[in-house]
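*Asks:* Numbering (our numbering), first residue to last: 13 to 167. For glycine and all other residues, C-beta sits at the position ideal for the given N, C-alpha and C.
(1) Given this structure, state the Cα-to-Cα distance separating residue 113 from residue 136, to the nearest angstrom.
(2) Of the choices 87, 34, 75, 44, whose alpha-carbon is the least far from that of residue 15?
(3) Is the distance from the Cβ of residue 125 to the Cβ of residue 89 below 8 Å?
(4) Which residue's Cα is closest to the Cα of residue 130: 142, 102, 149, 117?
(5) Have a look at residue 142 and residue 119 and give me their C-alpha separation to the nearest angstrom.
(6) Cα separation between residue 166 and residue 67?
(7) Please name the residue in 36, 61, 50 whose C-alpha comes closest to that of residue 17.
(8) Around the C-beta of residue 59, are 16 or more other C-beta atoms found within 10 angstroms, so that it is buried, or is it exposed?
(9) Which first and last residues belong to the alpha helix (DSSP H) in which residue 52 is found?
(10) Determine which residues share a DSSP beta bridge with residue 114 and list them.
(11) Which residues bound the beta strand (DSSP E) around residue 106?
(12) Per DSSP, residue 42 forms a beta bridge with which residues?
(13) Using 10 angstroms around the beta-carbon of residue 78, count the other beta-carbons present and answer buried if the total reaches 16, otherwise exposed.
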């Protein structure tokens, strides 16, 4: 199996609308006479490469530490897609999807597509954007496209 690192730098990745920009602050500097170079970081953990655990959207959901490691590690399918992925398009593009699907391109996933993929056994979706849901959809907790994944048991 070929291993491909798809991580995005925390400080250079796009920031989700409304989240604070990541920042590094110099606390100690050897150039200024300190014994060490020390920096602090601040920002939102929603930036850069990250995994949203069920607890992100479900009050009694699992946190990231409770998820089995195989949820995020293993074979996957990479699909190039632009725009909003709808349920019928997800069925056409991915009639028998693997457990992990990564989408390349400027795209979001509709609620209907999220249900199609979750029902087909997809355990993880990755996108290049800060979220699989559009900012508008993410503000509507009753229509959040990620909900089928958060509500599934991953054990």
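*Replies:* Let me spell this out:
(1) Take the alpha-carbon of residue 113 and the one of residue 136: they are about 6 Å apart.
(2) 87
(3) no
(4) 102
(5) 11 Å
(6) Note that residue 166 has pLDDT 46, beneath the 50 cutoff, so the model's placement of it is unreliable and the number below is only indicative. In a straight line, the C-alpha of residue 166 is about 13 Å away from that of residue 67.
(7) 61
(8) buried
(9) Segment 50-54 is the beta strand (DSSP E) holding residue 52; no alpha helix (DSSP H) there.
(10) 90, 138
(11) Looking at the DSSP string, residue 106 is not in any beta strand (DSSP E), and its letter there is neither H nor E.
(12) DSSP output for residue 42 lists no bridge partner at all.
(13) exposed
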